[in-house]
Each structure stands twice: as C-alpha cells, then as structure tokens.
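A.B. asks: The structure that follows is given in the form of structure tokens.
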Amino acid sequence: MSLASIPDPNSVLLETRNLTRILPAVVPVTLVEDVSFQVGQSEFIAITGPSGSGKSSLLYLLGLLDRPTRGRIFIDGLETENLSSTDLAQLRLQKIGFVFQFHFLLPEFTALDNVMIPMQKLGKLTSGEQRDRAEGLLSDLGLEDFLHRRPAQLSGGQRQRVAVARALANAPDLILADEPTGSLDSKATEQVFESLQKIVETQKTTIVAVTHDMDLAARMERRIHLVDGRIDYDRKQ
Amino acid sequence: MVLLLRIASTHIRNRMRQTVVSTLGVALGVGFSVAMASLMEGSQRDFMATLIDAIPHVEILDEQRSPAEQPASLVYDAVAYSGLRPKEDLRGIRNPVEALASLRDWVDGNMAQRLTGQAVLRYSGQDLGMTLIGVVPRSELAVSKIGKDMRSGSFRDLDVTSNGLVLGNKAATRLGAELGDTVTLTSANGVAKRFKIVGMFHTGVTSSDEGLAYAPLKAVQILLEKPDVINTIAIKLADIGLANDVAARAERQLGYKAVSWEEANEGLMEAFFVRNIIMYTVVGAILVVAGFGIFNIVSTIVHEKARDIAILKSLGFPEHDIQQIFVLEGLVIGVLGAIAGSILGFALSSYLATIRFEFTTDVEMTQLPIHFSSLHYVIACLLALFSSGIAGFIPARKAARLNPVDIIRGAT
Ligand SMILES: Nc1ncnc2c1ncn2[C@@H]1O[C@H](COP(=O)(O)OP(=O)(O)OP(=O)(O)O)[C@@H](O)[C@H]1O
Ligand SMILES: [Mg+2]
C-alpha cells in the first residue's frame, strides 16, 4: 500500500485486502499477489503496468468473474467470498459493467438490443423505458444513427462505444474496462475516453480502466501501477 | 425466460440447415411411431372386436380349478397311496335352473346354458363326427353371433322344432344334405335320434363349418343321456371390462370354474403386450437416434458460441440461465419436430386407412384397421420432448460450466 490518500470510508465502493490469485499447476503461476486498495465513488482510476504484470487478472477478480486464491473483495461493503455463483452473477448484473479490449457484443443482435439485454435480464424497467434508456445511452455516445445495426456493420470505435453503452445499461456503480481503447486509433480512442470521462462526471460512476496508453493514464485522477502482480505504486495525480 | 428463448432462437436460426435436419429426424421418429401405433392398435382392436363378438365374455364350465380331494387323502394326510381308484364323478353342472337364477340376481348381461357333447352324424350312408351343442335358442342368440352367421333356414326354428338341427354349410355339403332333410345322430353310448335340418350357418372358420351343430337342449340331453344337466353357462356382459370380476365372483358362488375371455385368451393378451413393448422400443430407438442429432447441433452451438456465453456471464447471467438457453435450443427442435411429426403421422395413418385389399379367403379384411387415438400422439411427442430435452441438457450443462475468464483470455 502506498501514499494514496484513503477515501472517505463511507463512500468506499470497492475494497481489496491482500488479494492473491495463483493458478494451480505443476509450477503454480502467480497472477496477482497481495493487492490491497480502496476505491471510492466516482473515481476514475488507471491500472497500468508492463505486459504480463497481472492487470487483466486483477480486473477479472474485481469483476467477480474469477475468484481469488486468498484475500478478500468487498463491493459496497459486501464481502463476496462466500457468495454463490448465482449471487455473484446478480451482483455483476446490478453493480458492475464490463468493457473489454475487443468489443464482445452479441453478434446476432443490433446495437440497441445489445444495450437492452442487461436491462431485460434485470427487469426493473418496462420495455418502453428500457428502449428509451438504451436509445439515450447510445445517443449520448454519438450512435443515434446506428441503433439498428449489428456489430458486424459497425466500425471498431463504434462497437466499443456500444460496449460502453451496454456497460452503463443498468446504471452500475462500477465500470471495469480492460484496455477499452487498445484496438482503436487515436481519434476513436479520444471519443471513447471522453465518453468515459463524461460518465464519471455526470453519473457518479466509478471507472477502473486498464491501459497501456501513458497519455491517457496521465489524464486520470489516480493510477495503480502493477509489476509482477504486485502494486508498485498507487497515487493520485 | 422470453429473453433466453430469444437468444436460443438466434442460435438455432444461425444453423438453419442443421436445425432442419435435426427437426426432420424428430419428425420422422414421431410420425412413424404415430402411424405404427395407430395401425397396431387398430389391428388389435379389430381382432379383439371380432373375438369378443364371437366368444362369451365369461364361461362357466363343469370343472373345478383343482381336482376334488379324494376321500383317502382327506382321512390320511401325508401318506401316499398308490393304486387307489378316484371316486367317479358324474360331470356336468347340476341344477342349472337354480344356478342361472342365482347369477341373474347380480350379473348385468345375457346368459345361455349349453350342453356340449360328441355325436356322429349319418346321412345317406356317410358318417361325420360332430360337436353337438344343445342350446335354448333364444338365449343362445343373445350371447353368440350365430344369428348373423346363418346362411339358410333360421336358428329360431330350433324353438319350434323339437328335433331341429342347425349345422355348418360345409358339413352339409360334404354329406349332400339340404334344408329340410332328416339326418341321424348317434351318441358315444349308442343312442340314436333323428333330427331335421332347419338351418345352416357359415362362420368362416372351417372347423366350425365342418364339425359343429346346434340342437334344442332337451333333445341333446336325451341323446347324451344327461337329463337336466348342462356343462357350460355362457355369459355376454353389458360391460366387458367386468369380465374378470364377474368370473371370480361366479366361481366363488357356484364352485365351478369360471373363465373370463381375458383368461381364456391369456396367451393372446400376452402376445399383444409383447407386441406393444416391441413397438415402443422401436419408437424409443428412433427417438434416441433423433436425440443424437439434437445433441450434435447443440454441442456445436455451445462450441461456436463460447464467446457469447462468456459475454452473457460477464453481463450477469447466472449459470442456470446459460444452461436453460441450450436446453431450450434442444427443446425448440424437439417441439418443432413433434409438431411436424404429428402432422406427418396423421397424414400417414389417414393414407393407410384408405388403402384397400382384395382377399379371396373367407376371413375378409378389405382395409387396414387404423385406430386414431390422441394418446399415440401424446406418447410419441412426450418421448420426443424427453429425448430432445436430454440431448440439449448434456451440452447445456457443459456450457453453464464454461469459465468466462478462459474464453475472454483466449479471445483477446
Ligand atoms: N491460464 C494461464 N496459464 C498460465 N499463465 C497465465 C494464464 N493466464 C495468465 N497467465 C499469465 O499470468 C500473467 C498475467 O496475465 P495478465 O493477462 O493478467 O497480464 P496483463 O497485465 O493483462 O498483460 P497485458 O498487458 O499483456 O494484457 C501473464 O504472465 C500471463 O502469461
Ligand atoms: Mg491484459
């Protein structure tokens, strides 16, 4: 743990304590080791580090897709260690949105459908409200003309923005992004980055984004740098 | 659920050709099994109807189920005697009037008393061995279909002609006898009596047409020297389903062996049972094969859609949702196949019902007996759904257990 100022405990959204993930094998592989930090509401955090330093692995743990070998994860104060896989899925549905490096949209569904699917699963809104919200999210990301296109009919940047809209579908508290701009050119990168920044400002959503792009990392409030699965430094900037 | 079904249907729509082939597999299985079942049940019912029409539903015979205890064994048990002569027992149902009256109290149906024996028929120097049945014509007509089999003369004339005789047309032809002729019947004890032919029948069963004759009960009792004795009570029930119960109760009440048509045709019933088992085994086998087709397509989809599975999991779909999606895919194919198969089965059995055959033999069957029953469709469809559900379930379980992290890593 480092010099970063600890956020106000009342607004802690995400906390890890001594998080460790070791892949069992003949020669066990340590992906993440002894990672502890706290993240407050509406923070915009960069996770950086050399290739193979465990950034993606950490993100999968934070997103409850993978389970730690040791250590704990609290989401909104809720200890996740003993939750069933169904409970974890429900937590993901309500509180977490993912954006991966490649678009990861469902290829048979239109942009609008892709954004609506998490809402349909959650089932809190009427179908009319779902449609309105999905259209609004896509329009905010400049995609109002592409609502009914399928992923194959969209550019890489457009797809990535659809993925961002989908991550926002159920108004999650936390968005986890793994190199969201990794496969985009500088213009598309700028578009996606700006939309993320806007989300943090307007929706009080916390974003934890893995990035290789040092310029982008420099523009975020806080940076956690990993080396060999351990936190090298964690600082506000 | 609607959402899962929507996702499932996009998956199978993407593999149209394979889906159509698997659906056809199920449809053929269901269609053929429906057609086969309707033909089998049709022929079984046709056969049973003929059988039940022709034979009494319950027959009370002049026998006991176990041989009567011999006096010696009653006195000295656990001792074996050899050379003892069994006590002579004059066979026959004694006091038939009383027995019939006691049955009439509770049996809902018609009854006829019979005395059956052997006699030799002689006419114009020719002899013919005959089974002679002494009957009360009116009751006999109520329990058997002999009335329908009459070709010439009248069965009812036995009522008015005390020495009347009704015999099979083949026997008459062999002897060269005609309606109105007088023939002689001789019993095994040598008693001879003259009878007048008042009717001829044709049943289509050669042994009856050649060797069976009916005469008034009184006349036969005299010929066989068994006054006031009968050896069979035949009962035609209003409800044939009660045959076993009626037989059991009659046996307890009268002490004579009473046989229901089901017991009398036990071998036949077993044969039908075995036949149905064989049929449904074949149906099951067809549907298992159809199930393999479904298993194949769902497994392929699971493999192809691993990435989508990872996406759905990362979005917060729990494992059982993922499993349901793929079980639904199997079931959708199963349902489509079952619907198509039911239509096919109906068309097939309707067509079979129209085929006509020309037979020259006496047992006429001009058309395939098809029995339409919704039960055949229900059974075939349930089997199809069961097999497609299982076929979908196995790959679906695998899909639910896929680790999203492995897939996401593999894809990026
Ligand atoms: N299934 C696995 N088996 C063996 N080693 C693995 C496995 N998954 C990941 N690793 C290793 O774990 C380490 C961390 O991987 P991770 O994907 O988290 O790195 P990363 O920081 O995201 O790298 P990059 O910037 O290249 O995406 C790497 O050295 C990787 O080779
Ligand atoms: Mg990575």
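These protein sequences, in sequence, are chains A and B.
In terms of my numbering, the first sequence is residues 1 to 237.
In terms of my numbering, the second sequence is residues 1001 to 1412.
Just so it is clear, CB atoms sit at the ideal spot from N, CA and C, and this is done for glycine as well.
Report the three-state DSSP secondary structure of B/S1373 (helix, strand or coil).
C.D. replies: coil
A.B. asks: A/T86 versus chain B: which residues are under 8 angstroms apart at the beta carbon?
C.D. replies: P1318, E1319, H1320
A.B. asks: Using a Cβ-Cβ cut-off of 8 angstroms, state whether B/N1276 counts as contacting chain A.
C.D. replies: no
A.B. asks: Just the C-alpha distance for B/F1295 and B/H1371, rounded to the nearest angstrom, thanks.
C.D. replies: 33 angstroms
A.B. asks: List the residues of chain B that A/I73 touches, going by C-beta distances under 9 angstroms, in chain order.
C.D. replies: The contacting residues do not exist; A/I73 stays about 15 angstroms from chain B at best.
A.B. asks: Is A/Q237 buried or exposed, if buried means 16 or more other CB atoms sit within 10 Å of its CB?
C.D. replies: exposed
A.B. asks: In chain order, which alpha helix (DSSP H) runs of at least 4 residues are fully inside the segment 1157 to 1218 of chain B?
C.D. replies: Taken in chain order, the complete alpha helix (DSSP H) segments of 4 residues or longer contained in the segment 1157 to 1218 of chain B are 1157 to 1160, 1169 to 1175, 1206 to 1211.
A.B. asks: Does any C-beta atom of chain A lie closer than 8 angstroms to the C-beta of B/V1327?
C.D. replies: no
A.B. asks: Is there a Cβ of chain A sitting closer than 8 angstroms to that of B/R1015, yes or no?
C.D. replies: no
A.B. asks: Could you check the C-alpha separation between A/T205 and A/E81 for me, to the nearest Å?
C.D. replies: Between A/T205 and A/E81, the C-alpha separation is close to 24 angstroms.
A.B. asks: At least one CB of chain D closer than 8 angstroms to the CB of A/K124: is that the case?
C.D. replies: Structure shown: chain D not included; protein chains present are A and B.
A.B. asks: Are there any heavy atoms of ligand 2 lying less than 7 angstroms away from the beta-carbon of A/K95, as far as the coordinates show?
C.D. replies: no
A.B. asks: Listed from N- to C-terminal order along the chain, which residues in the segment 86 to 103 of chain A have their beta-carbon within a distance smaller than 8 angstroms of any beta-carbon of chain B?
C.D. replies: Here the close residues are T86, A89, Q90, L91, R92, L93, Q94, I96, F98, F100, Q101, F102.
A.B. asks: Look at the alpha carbon of B/N1014 and the alpha carbon of A/G52, and state the distance between them as a whole number of angstroms.
C.D. replies: For B/N1014 and A/G52, the distance between alpha carbons rounds to 37 angstroms.
A.B. asks: Tell me whether A/S186 counts as near ligand 2, meaning its Cβ is closer than 7 angstroms to at least one heavy atom of that ligand.
C.D. replies: no
A.B. asks: B/V1021: beta carbon under 7 angstroms from a heavy atom of ligand 1?
C.D. replies: no
A.B. asks: By the 9 angstroms beta-carbon criterion, what residues does the segment 1384 to 1409 of chain B contribute toward chain A?
C.D. replies: N1403, P1404, V1405, I1408, R1409
A.B. asks: Among A/Q130, A/A165, A/G128, A/E129, whose alpha-carbon lies nearest the alpha-carbon of A/F146?
C.D. replies: With respect to the C-alpha of A/F146, the residue from A/Q130, A/A165, A/G128, A/E129 having the closest C-alpha is A/A165.
A.B. asks: Just to make sure I have the definition right: I need the residues of chain B whose C-beta is within less than 7 angstroms of the C-beta of A/Q120. Which are they?
C.D. replies: L1003
A.B. asks: What are the uninterrupted segments assigned as alpha helix (DSSP H) that are 4 or more residues long and contained completely in the segment 1277 to 1315 of chain B, given in chain order?
C.D. replies: 1306 to 1315, all fully within the segment 1277 to 1315 of chain B.
A.B. asks: Got a sec? Which residues, its chain only, sit under 8 angstroms from A/Y60 by beta carbon, not counting five neighbours each side?
C.D. replies: Answer for A/Y60: D66, listed in chain order.
A.B. asks: Measuring CB atoms only, is the segment 1042 to 1050 of chain B touching the segment 1278 to 1287 of chain B, in the sense that at least three cross pairs come out at less than 8 angstroms?
C.D. replies: They do not touch, by the three-pair rule.
A.B. asks: At which residues does the beta strand (DSSP E) containing A/K55 begin and terminate?
C.D. replies: Boundaries for A/K55: no beta strand (DSSP E) harbours it, while the alpha helix (DSSP H) harbouring it runs 55 to 62, taken from the DSSP string.
A.B. asks: Tell me which residues share the same chain as A/M220 and place their Cβ nearer than 8 angstroms to its Cβ, disregarding the 5 neighbours each side in the sequence.
C.D. replies: F44, I45, A46, A209, Q237
A.B. asks: Counting only C-beta atoms, is A/G63 closer than 8 angstroms to chain B at any point?
C.D. replies: yes
A.B. asks: Assign A/P9 to one of two classes, buried (16 or more other C-beta atoms within 10 Å of its C-beta) or exposed (fewer than that).
C.D. replies: Caution applies to A/P9, whose pLDDT of 49 falls short of 50 and renders its modelled position unreliable; the value that the coordinates give is listed next. Exposed, by the Cβ-count rule.
A.B. asks: Taking DSSP's pairing of strands, which residues face A/Y233 in a bridge?
C.D. replies: Looking at the DSSP output, A/Y233 sits in a beta bridge with A/H225.
A.B. asks: My assumption, with CB atoms under 8 angstroms, is that B/V1020 sits in contact with B/A1380. Please give the rounded CB distance.
C.D. replies: Contact between B/V1020 and B/A1380 does not hold, since the beta-carbon distance rounds to 20 angstroms and is not under 8 angstroms.
A.B. asks: Based on Cα-Cα distance, which residue from B/D1308, B/I1333, B/P1318 lies nearest to B/R1292?
C.D. replies: The amino acid occupying residue 1292 of chain B in the given sequence is Phe; Arg does not appear at that position. Minimum Cα distance to B/F1292 is reached at B/I1333.
A.B. asks: Mapping DSSP to helix, strand and coil, what is A/Q101?
C.D. replies: coil
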